[in-house]
Amino acid sequence: MSYSAPRKIFWVVPSLNLNQASVRLRCLHIARGLEKNFGYENYFLTDIKKAKNQIEPESFLFIIKMPGLNIIDLLVKGKALNCKVIIDITDTVCDIHYKNNDFGINSWILNSLIDLTDAIFVPTAKMRDHLIKHAENSKLSIWRNKVYIIPDIAESMQDSLSLCEYKSETLKDKTAISIAENIKSSLGHTEGKTQIKRVLWFGNAYSPTSNMGISSLIPHLPAIKTLQNKQNFDLVICTNSNADLRTLKSFGIRYNLVEWTLPEIFKQLSLASMSLITTGDDERCMGKSNNRVLFSLINNCPVAVIKHPNNSEFELSVDRSLKSAIQKYLFSKNSKKERTKALNENKTILNRYTIIEITKVYNLVLQNIWLSSLASQEHYPTIPNEKDVVSIICDNLSVGNIKIIISLLNSFIPSYRVNYIHFTPLTENHINHYSSNQIIPHLLKLDDIEKARNFLKNNVSLVISDELNANISKKLFDWTNAINRFSSIATNSSTVSIIKQSSLKEFLIKYYTRSESTKHNNLSRVPENIPGRYQPLDISSSNTDLLFVCGIEAKNWILDGIAKEIGSRSQNSWSIFYCDKVPKHLPKAKNYFFMHQALLKKFVKLRLVDLSQGSNINCWYTHPRDEDKKSIDQFLDIFSKVNKIVFACSKNYDLWISRGLNPIRGCVVLGGFDSARFTAHDRKLSNTIGVCSSFYERKNPELLFNLVSKMRDKKFILLGKNWESYARYEALVGLGNVQYVTAKYEDYPDYYKKFKIFLSTSKLEGGPIPLMEAMACNCFPVVSETGFAKDIISHGSNGFLFETSSTANTVSELIEKAYIMDDIDVSSTVSEYSWDNFSENIYRVVGI
Numbered sequence: 007m008s009y010s011a012p013r014k015i016f017w018v019v020p021s022l023n024l025n026q027a028s029v030r031l032r033c034l035h036i037a038r039g040l041e042k043n044f045g046y047e048n049y050f051l052t053d054i055k056k057a058k059n060q061i062e063p064e065s066f067l068f069i070i071k072m073p074g075l076n077i078i079d080l081l082v083k084g085k086a087l088n089c090k091v092i093i094d095i096t097d098t099v100c101d102i103h104y105k106n107n108d109f110g111i112n113s114w115i116l117n118s119l120i121d122l123t124d125a126i127f128v129p130t131a132k133m134r135d136h137l138i139k140h141a142e143n144s145k146l147s148i149w150r151n152k153v154y155i156i157p158d159i160a161e162s163m164q165d166s167l168s169l170c171e172y173k174s175e176t177l178k179d180k181t182a183i184s185i186a187e188n189i190k191s192s193l194g195h196t197e198g199k200t201q202i203k204r205v206l207w208f209g210n211a212y213s214p215t216s217n218m219g220i221s222s223l224i225p226h227l228p229a230i231k232t233l234q235n236k237q238n239f240d241l242v243i244c245t246n247s248n249a250d251l252r253t254l255k256s257f258g259i260r261y262n263l264v265e266w267t268l269p270e271i272f273k274q275l276s277l278a279s280m281s282l283i284t285t286g287d288d289e290r291c292m293g294k295s296n297n298r299v300l301f302s303l304i305n306n307c308p309v310a311v312i313k314h315p316n317n318s319e320f321e322l323s324v325d326r327s328l329k330s331a332i333q334k335y336l337f338s339k340n341s342k343k344e345r346t347k348a349l350n351e352n353k354t355i356l357n358r359y360t361i362i363e364i365t366k367v368y369n370l371v372l373q374n375i376w377l378s379s380l381a382s383q384e385h386y387p388t389i390p391n392e393k394d395v396v397s398i399i400c401d402n403l404s405v406g407n408i409k410i411i412i413s414l415l416n417s418f419i420p421s422y423r424v425n426y427i428h429f430t431p432l433t434e435n436h437i438n439h440y441s442s443n444q445i446i447p448h449l450l451k452l453d454d455i456e457k458a459r460n461f462l463k464n465n466v467s468l469v470i471s472d473e474l475n476a477n478i479s480k481k482l483f484d485w486t487n488a489i490n491r492f493s494s495i496a497t498n499s500s501t502v503s504i505i506k507q508s509s510l511k512e513f514l515i516k517y518y519t520r521s522e523s524t525k526h527n528n529l530s531r532v533p534e535n536i537p538g539r540y541q542p543l544d545i546s547s548s549n550t551d552l553l554f555v556c557g558i559e560a561k562n563w564i565l566d567g568i569a570k571e572i573g574s575r576s577q578n579s580w581s582i583f584y585c586d587k588v589p590k591h592l593p594k595a596k597n598y599f600f601m602h603q604a605l606l607k608k609f610v611k612l613r614l615v616d617l618s619q620g621s622n623i624n625c626w627y628t629h630p631r632d633e634d635k636k637s638i639d640q641f642l643d644i645f646s647k648v649n650k651i652v653f654a655c656s657k658n659y660d661l662w663i664s665r666g667l668n669p670i671r672g673c674v675v676l677g678g679f680d681s682a683r684f685t686a687h688d689r690k691l692s693n694t695i696g697v698c699s700s701f702y703e704r705k706n707p708e709l710l711f712n713l714v715s716k717m718r719d720k721k722f723i724l725l726g727k728n729w730e731s732y733a734r735y736e737a738l739v740g741l742g743n744v745q746y747v748t749a750k751y752e753d754y755p756d757y758y759k760k761f762k763i764f765l766s767t768s769k770l771e772g773g774p775i776p777l778m779e780a781m782a783c784n785c786f787p788v789v790s791e792t793g794f795a796k797d798i799i800s801h802g803s804n805g806f807l808f809e810t811s812s813t814a815n816t817v818s819e820l821i822e823k824a825y826i827m828d829d830i831d832v833s834s835t836v837s838e839y840s841w842d843n844f845s846e847n848i849y850r851v852v853g854i
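Heads up, the sequence shown is in our numbering, so the first residue is 7 and it goes up one at a time.
Right under this line is the structure:
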């Protein structure tokens, strides 16, 4: 085999229509970029038989979109010719509800093809996890080695014009010229800029197997209506032609519908003051890439992004509040400046998604695939079990009856998911209920019930109204009877139960065991994984001396860990309350310790905390986040009425003193480490640069990437999680000198003992706790001046500090100096910061 990778790529594509976004973004743009920047030759084929005759030995063979079994002979020939076969998948195709995925056939197909495939490309980490989840457990390693995360590009108007030119020249496609002309003509449209203001929503209109698309707008319709009543703007819906907008009409939303075409999207982006990106919450939606966010920002339209599942990089740089975004970008006095500011804040991230940057990742991965020898192993699929999914047909059910059904389900099924299904338009009461509870319903079409069969059949109980419309009822019963007849003769197939509301309790008594009643949530009432001597109480206990309040999303992570460290080291009674995103109550306790300032603010806003009795309320302040004058004033008011705000570092304490905080209300307690677990090692025996960090944009991933690229002679270990969400993840690990490790916390000391140097590139921190742990293990720190770094490091003595704006050149020079600092005892300089001392200090300052 040649050690030089081939330069010919054969793309087998179901369609080359430029108005099909997934094909355009993940095939044609990339092909053009690889050809222009790296000298690849591209051949496009839409017919499998022709592809089989035309592919050449030792080339790359790309299969675009979900393949079928009819492609096996093409892949077999490709392997026989020593081609490298790559499948590019852009959707959660193994979801049991996915179209045409009857009985999980897509899992079987992919498991059948995996041995004929060298790689599978997906756009997001969650889609990668989706595919791996559906692989047989004993064969996961080969799947993990074969699935690569290659993100979408940020497609500018100029990119599309260049693509049209490329397609017309390469494929002699006259329609591409017409599309380019229409795009250019859209530049002349400026009407609306000075008339009615516009908010653009663009995406899929409808899916019979998902609540993505228009359904995801439902929770926001009351807010949109209220805002439209106060201020004059239109909601522009840019989507495909089968859009069902009866819900928008019935709720009185002012909107314009325009058809999804490439020229039309560019036109609407140029006219809109902002775009609104909403997404559903089922498995189909979890793998969705952030291409609409990218598409909007790169074309100079700021966005409000509501709960996007794959938006980690933009989390701190885009608006997440519809109300504030509309006010800021449409109606503020400085709306033009606000839009410019928002776009500028995202430029660094957008630079990762340019054609040249994404094709660099493609080229690197293709080179590594060619040079890798992948073992061939057999695979067998598993089909997911969704026995805890219940679908409620909400037509003819009042909101009150829906609540009764949910209450019954809560009493019998401890863990389940509810699909709220409507075949007919929603009433205003339904919309208000879904909005206030942040529920995204499924809007299905009765005529398409056959298309939704996978969505409805997989171990799902259907709950219906006793008064359900006869036409809907007949179709449901006819369909389920057919499914159940098949199930009686099919292996491992399950039946579907349709239960009327009046019979629901009897059904649950017969088939389920009543779960322990809990008034508010089904989370563990007693926390687990306790590190210290003293065990927690049940949160229902009224004798709790100190109750820690922690968000459920932080359970078993750093804030939860700190709470457990404090509680388990005191003889006072304690427990942890893991609250939902929208908490309904606060358990009784003598004293409270909120583990994040945003949590305290939320409970105050919901009137679940009485600040007139604030002498028993304390709060851990992590680090500043999205703090403008309004929020600072709100926090100052809250902080002035509680017992103590405990700051993780003196830098943040000083910041709030300068903002007007009464010094009596605040104090500084630096973090701690487990002195029995994190012990000193001889770093002369180590030669690795270690990083311990989960992926967030504030961790400054670009600086880390540049350091790994610059210092190719050094070995890095990246210990953390979620780095697959970084656009340059594959480029980072593909450099060959960085090992990415997701490990259990109890294994961290073993990794720290491999580190000679501990590196932290963060722009913003409260701690970081791993810095203290690494120093306790005698690693020499080279860290950004954030959090408590300056509190525990004396520059040049027991570590090196650098400004958050420092370049890779500056930091690499410090790392080189750190390599010759072996004689300095770092561990002794942090010996006082044990969790025992930390917990004692916390109890002392809060007065418990």
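Glycine residues also receive a C-beta, built at the ideal position from the N, C-alpha and C atoms. Since we're looking at a predicted model, the values are computed, not measured.
The distance from the Cβ of Lys762 to that of Arg689 is about 5 angstroms, consistent with a contact at the 8 angstroms cut-off.
The C-alpha of Leu606 is placed about 34 angstroms away from the C-alpha of Leu206.
Unbroken beta strand (DSSP E) runs of no fewer than 3 residues, entirely contained in the region 622 to 663, are found at 623 to 627, 650 to 653, following chain order. Taking the Cα of Ile202 as reference, the smallest distance to any Cα among His136, Asp240, Asn262, Ala229 is reached at Asp240. With contacts defined as CB atoms closer than 8 angstroms, Pro542 and Trp580 qualify as a contacting pair.
Per the coordinates, the alpha-carbon of Leu482 lies some 59 angstroms from the alpha-carbon of Ser715. By the 16-neighbour rule on beta-carbons within 10 angstroms, Tyr540 is exposed.
In this structure, the beta-carbon distance from Asn248 to Ala211 falls below 8 angstroms. Per DSSP, the beta bridge partners of Leu282 are Trp207, Ala310.
Residue range 423 to 428 is occupied by the beta strand (DSSP E) that includes Val424. If you draw a straight line from the Cα of Val405 to the Cα of Asp135, it is about 36 angstroms long. Taking 8 angstroms as the cut-off, the Cβ atoms of Phe684 and Pro755 count as close. Closest in C-alpha terms to Glu265, from the list Ala86, Val242, Pro431, Ser467, comes Val242.
At a Cβ-Cβ threshold of 8 angstroms, Phe429 and Leu450 count as neighbours. Under a 10 Å Cβ-count criterion, Asn425 is classified as buried, with 16 or more other Cβ atoms of the shown protein chains found around its own Cβ. The C-alpha of Ser318 is placed about 16 angstroms away from the C-alpha of Ala560. Cβ atoms of Asn578 and Asp544 stay farther apart than 8 angstroms, at about 16 angstroms. By alpha-carbon distance to Gly293, the top candidate from Thr181, Val99, Cys655, Asp453 is Val99.
Nearest in C-alpha terms to Leu349, of all of Leu227, Ile304, Lys313, is Ile304.
By the criterion of a C-beta distance shorter than 8 angstroms, Tyr422 is surrounded in its chain by Asp394, Val395, Val396, Leu415, once the five residues flanking it on both sides are discounted. Within the same chain, and ignoring the five residues on either side of Ser174 in sequence, the residues whose Cβ sits closer than 6 angstroms to its Cβ are Ala182, Ile183. Contact check for Phe679 against Glu779 passes: the beta carbons are separated by less than 8 angstroms. Between Leu661 and His602, the C-beta gap is not smaller than 8 angstroms, which leaves the two residues out of contact. If you draw a straight line from the Cα of Ser192 to the Cα of Ser65, it comes to about 40 angstroms.
When the beta-carbon positions are compared, Ile798 and Leu676 come within less than 8 angstroms of each other.
By the neighbour-count criterion, in which a residue is buried when 16 or more other Cβ atoms sit within 10 angstroms of its Cβ, His591 is exposed. Taken atom to atom, the span from the alpha-carbon of Phe599 to that of Trp841 is near 17 angstroms.
Remark: C-beta atoms of Leu40 and Tyr359 do not approach each other more closely than 8 angstroms.
Leaving aside the five residues that flank Glu270 on each side, the residues in its chain whose CB is nearer than 7 angstroms to its CB run, in chain order, Cys244, Val264. Residue burial is scored here from C-beta neighbours: Gln164 has fewer than 16 other C-beta atoms within 10 angstroms and is therefore classed as exposed.
Annotated three-state conformation of Thr245 is strand, per DSSP. Under the three-state reduction of DSSP output, Ser715 falls in the helix class. Residue range 268 to 277 is occupied by the alpha helix (DSSP H) that includes Gln274. Between the region 765 to 777 and the region 649 to 663 there are three or more C-beta pairs closer than 8 angstroms, enough to call the two in contact. The way I'd put it, the region 118 to 129 doesn't touch the region 318 to 335; fewer than three beta-carbon pairs between them come closer than 8 angstroms. Of the residues Gly258, Ile283, Asp288, Asn246, the one whose Cα lies closest to the Cα of Leu268 is Asn246.
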